[in-house]
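See structure below.
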Amino acid sequence: MTTENEDEQVLGAVSTALVALDELGDLATFRMPYPPAVQRTMDRLTLHCLRRDARPPSSVPGLIRWGYDRPLGLWPLVLPPDVYPEHGLLLDELSGAPTALCHEIALQAETANPFLEVSRQVKAMAALADEHDRAPEYRTLREVLADHLVLTNDGFNDVRFFASIRVLDDHLTAWYVPIGPGYEVDGEIHACAGCGGPLLPAGEDWWCEREECAIDGIVTPGARWDRDAQVLVQGDRRHRQFVAGPGRAAQRFGAELAASGVEVEHWPVSGPGDLRVTTPAGRIRSAQLVDWHSPALLGRAIAASVAGHSADSMHWVVARYRTDADPAYLRIAREHATTAMIFSEAGFTDLLHDEAGAHA
Ligand SMILES: [Zn+2]
Numbered sequence: 001m002t003t004e005n006e007d008e009q010v011l012g013a014v015s016t017a018l019v020a021l022d023e024l025g026d027l028a029t030f031r032m033p034y035p036p037a038v039q040r041t042m043d044r045l046t047l048h049c050l051r052r053d054a055r056p057p058s059s060v061p062g063l064i065r066w067g068y069d070r071p072l073g074l075w076p077l078v079l080p081p082d083v084y085p086e087h088g089l090l091l092d093e094l095s096g097a098p099t100a101l102c103h104e105i106a107l108q109a110e111t112a113n114p115f116l117e118v119s120r121q122v123k124a125m126a127a128l129a130d131e132h133d134r135a136p137e138y139r140t141l142r143e144v145l146a147d148h149l150v151l152t153n154d155g156f157n158d159v160r161f162f163a164s165i166r167v168l169d170d171h172l173t174a175w176y177v178p179i180g181p182g183y184e185v186d187g188e189i190h191a192c193a194g195c196g197g198p199l200l201p202a203g204e205d206w207w208c209e210r211e212e213c214a215i216d217g218i219v220t221p222g223a224r225w226d227r228d229a230q231v232l233v234q235g236d237r238r239h240r241q242f243v244a245g246p247g248r249a250a251q252r253f254g255a256e257l258a259a260s261g262v263e264v265e266h267w268p269v270s271g272p273g274d275l276r277v278t279t280p281a282g283r284i285r286s287a288q289l290v291d292w293h294s295p296a297l298l299g300r301a302i303a304a305s306v307a308g309h310s311a312d313s314m315h316w317v318v319a320r321y322r323t324d325a326d327p328a329y330l331r332i333a334r335e336h337a338t339t340a341m342i343f344s345e346a347g348f349t350d351l352l353h354d355e356a357g358a359h360a
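This is the structure we're talking about:
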């Protein structure tokens, strides 16, 4: 466990329960009984509230209501304020979907090493590609996952045909599943103009699960299809949030580095990180793009990952919009990690260019 006290563990269990409930699909049509793990969490929260002389939520729908109308600072929990933002919500108010923060808390509650956990499937693909000497196909597949959070069935077949993924084809097929009915509005599915991901209706507007797309509070719809198009989505929100989404940042940032004269390999089939960079001095550096709502939880996840390795050689590069929006982001992340190797995109670029300057 990476959580530190009973109150944090209760919050972790609640976040996990809300994610599990979301995965059940349409809660309006869901029938009792709730899954045993959800019921156990209800019991645990109820007991906790009674000990604190607080009134517990009366039912699972009541718990869900807490998720979207009670900021963390108002829960009957004693939480470190530098880790859990007091205005943070576990569910989005209008769409009802778990927030990015909720997924981060749930992930940390469920595993001791979040980055290891979320990368299992892509690591398995990389190992298979390595074994069959198919590094380019692995890279192509990672590009497909970063570029296409949602695909129509025809689009999926085109990708399969043109990308010629070969031995990785089963993996590609496994990532994409039919999109759920919750995304359908008047018989149509809408994608986000920003990230291409699936949009949920949110009152009169739209909600994108990627916070990057709503940085000014507004999400713009992009492509849309009617249900006959058999729309497919990368089925696992955790994968979309922690792997495919940062993959888009890795693509963009890697291209920018390459344009500035640095040699960049995207998604090396063996070895860590999203980017393997060779500096003009001939030094190889590995970079992993990360995009978390909570810099403190990110720092904890990095600490867990670093603890599993003997060499502290990974450069953790935070997606630009996060560090642009919060000047304290890097400082907080570093405080909670056991490494100083956490950079903004600009900071990592400067590091490479300073080395190049020293070498010249
Ligand atoms: Zn988006």
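For what it's worth, the UniProt record's numbering labels the leading residue of the sequence shown as 1, then goes sequentially. All residues carry an ideal CB built from backbone N, CA and C; glycine is no exception. Bear in mind the structure is a predicted one, so any value in this text is a computation, not a measurement.
Residue i vs residue j beta-carbon contact at 8 Å
i	j	result
Leu128	Leu168	yes
Ala106	Thr46	no
Glu345	Val317	yes
Arg283	Glu355	yes
Ala193	Thr220	yes
Leu141	Gly196	no
Gly62	Leu90	no
Gly222	Ala255	no
Val262	Thr279	yes
Ala287	Phe242	no
Pro272	Met341	no
Phe343	Leu289	no
Glu93	Asp69	yes
Asn113	Ala304	yes
Val10	Arg44	yes
Asp350	Arg322	no
Leu330	Val277	no
Three-state secondary structure assigned by DSSP to residue i
i	result
Gln39	helix
Gln234	strand
Tyr84	coil
Val264	strand
Thr3	For Thr3, the predicted structure reports a pLDDT of 42, less than 50, and the residue's modelled location is therefore unreliable. A value from the coordinates is still provided. Note: Thr3 maps to coil in three-state DSSP.
Val306	helix
Cys102	helix
Ser313	coil
Ala346	helix
Leu94	coil
Ile218	coil
Thr278	strand
Leu21	helix
Asp205	strand
Arg224	strand
His190	strand
Val150	strand
Val185	strand
Arg210	coil
Endpoints, the beta strand (DSSP E) within which residue i is located
i	result
Pro201	199-202
Leu289	284-290
Gly196	Run containing Gly196: none; DSSP gives neither H nor E here.
Tyr34	Taken as a continuous stretch (DSSP letters only), Tyr34 belongs to no beta strand (DSSP E), as it is neither H nor E.
Tyr176	176-178
Classification of residue i by the beta-carbon crowding that lies within 10 angstroms, buried from 16 upward
i	result
Ser270	exposed
Gly245	buried
Ser294	buried
Ser59	exposed
Leu164	Per the sequence shown, the amino acid found at residue 164 is Ser instead of Leu. Per the 10 Å Cβ criterion, exposed.
Ala259	exposed
Glu104	buried
Thr41	buried
Thr99	buried
Thr173	exposed
Gly12	buried
His309	exposed
Gly203	exposed
Glu86	exposed
Thr78	Strictly speaking, residue 78 in this sequence is Val, with Thr absent from that position. Classification of Val78: exposed, given that the 10 Å Cβ count is below 16.
Arg134	buried
Integer-rounded CB distance, given that residue j should sit under 8 Å from residue i
i	j	result
Ala250	Asp274	4 Å
Pro76	Cys102	Rounded, the Cβ-Cβ distance is 18 Å, inconsistent with contact.
Glu209	Arg237	7 Å
Val306	Val233	Contact flag wrong, Cβ pair sits at about 33 Å.
Ile189	Val231	5 Å
Arg139	His266	6 Å
Ile302	Ala325	Not quite, the Cβ-Cβ distance comes to about 19 Å (not below 8 Å), so this is no contact.
Gly182	Leu200	7 Å
Val38	Ala54	Going by Cβ atoms, the distance from Val38 to Ala54 rounds to 20 Å, so no, they are not a contact pair.
Asp7	Ala296	About 15 Å separates the two Cβ atoms, so there is no contact after all.
Enclosing alpha helix (DSSP H) for residue i [first to last residue]
i	result
Leu257	245-259
Val159	153-163
Pro114	114-118
Tyr68	60-69
Tyr321	320-325
His293	First-last for His293: undefined, no H or E at that position.
Pro136	135-147
Tyr329	329-336
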